[in-house]
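Mapping of the sequence shown onto this note's numbering: position 37 corresponds to residue 27, and the numbering continues sequentially without gaps.
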Amino acid sequence: MAYISLIRPRWSDMDVYGHVNHANLVTLLEEARIPLLFGDAVRAGLTELPKGIVVVKLAVHYRSPIVVSDQDIRVEISLKDLKHASFTLGYRVHGGPAEADKVAVTAETVLAPFDTASERPRRLTEDERAFLEKGFADA
């Protein structure tokens, strides 16, 4: 299953061609995952996960441009891999808000929990692993 997030690109996200700029698309991916990894995690009682998550690896594949208009884009996020010290999210970004809208971008991020006090990566707790598995299974 996928976690669905609707994000509205901003006028400032576009390049001179009227398409969403690459760097701004990466920001839109971040905005799409924040409600789950920060908001839902805190509501589930996971206070450490939102304190520190770092992007270890990012891959973005463009299929067609996303044009800034007065509508949301649909971002489907799935859990591709779950390890003890990292997890991989897969993204399918549609050019509009509907599932039937053309997939314009696919992407993956490898994320790792990070202890900001010790400034070191850390392992996911069993509760965090269960939250990630459940968060995407229930989506």
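Backbone N, C-alpha and C fix where the C-beta goes; we use that ideal spot for every residue, glycine too.
What's the gap between the Cα of E116 and the Cα of S108? Here residue 116 refers to the residue found at position 126 when the sequence shown is read from its first residue. Here residue 108 refers to the residue found at position 118 when the sequence shown is read from its first residue. E116 and S108: Cα-Cα distance of roughly 20 Å.
Could you check what DSSP says for K124 in three-state terms: helix, strand or coil? On the sequence shown, position 134 is the one that residue 124 refers to. In the structure shown, K124 sits in a helix (DSSP, three-state: H, G or I).
Beta-carbon proximity of G86 to R64, cut-off 9 Å: In the sequence shown, residue 86 corresponds to position 96, counting from 1. In the sequence shown, residue 64 corresponds to position 74, counting from 1. In this structure, R64 lies closer than 9 Å to G86 by Cβ.
Would you call T37 buried or exposed, if buried means 16 or more other Cβ atoms sit within 10 Å of its Cβ? Position 47 of the sequence shown holds residue 37. T37 comes out exposed.
DSSP three-state assignment for R23, whether helix, strand or coil: Mapped onto the sequence shown, residue 23 falls at position 33. Correct three-state label for R23: helix.
Tell me whether the beta-carbon of V57 lies closer than 9 Å to the beta-carbon of A102. The residue given as residue 57 occupies position 67 in the sequence shown. The residue given as residue 102 occupies position 112 in the sequence shown. Cβ atoms of V57 and A102: not closer than 9 Å.
Pick helix, strand or coil for A102, following the three-state DSSP scheme. For this step, residue 102 is matched to residue 112 along the sequence shown. Of the three classes helix, strand and coil, the one that applies to A102 here is strand, per DSSP.
May I ask which residues mark the beginning and end of the beta strand (DSSP E) holding G8? Locating residue 8 in the sequence shown gives position 18, where the first residue counts as 1. Element bounds for G8: n/a, residue is neither H nor E.
Do you know offhand how far K92's Cα is from S54's? If you number the sequence shown from 1, residue 92 lands on position 102. If you number the sequence shown from 1, residue 54 lands on position 64. About 9 Å.
Continuous beta strand (DSSP E) assignments of at least 3 residues falling wholly in the segment 40 to 121: Listed in chain order, they are 43 to 52, 63 to 72, 77 to 84, 93 to 105.
If distances are taken between C-alpha atoms only, which option among A97, T96, P111, K41 comes closest to H74? Residue 74 sits at position 84 when you count from the first residue of the sequence shown. Nearest option by C-alpha distance: P111.
Cβ-based neighbour list, L26, same chain, cut-off 6 Å, excluding 5 preceding and 5 following: Start at 1 with the first residue of the sequence shown, and residue 26 comes out as number 36. Closer than 6 Å at the Cβ level, and outside the excluded window around L26, lie Y(-7), G125.
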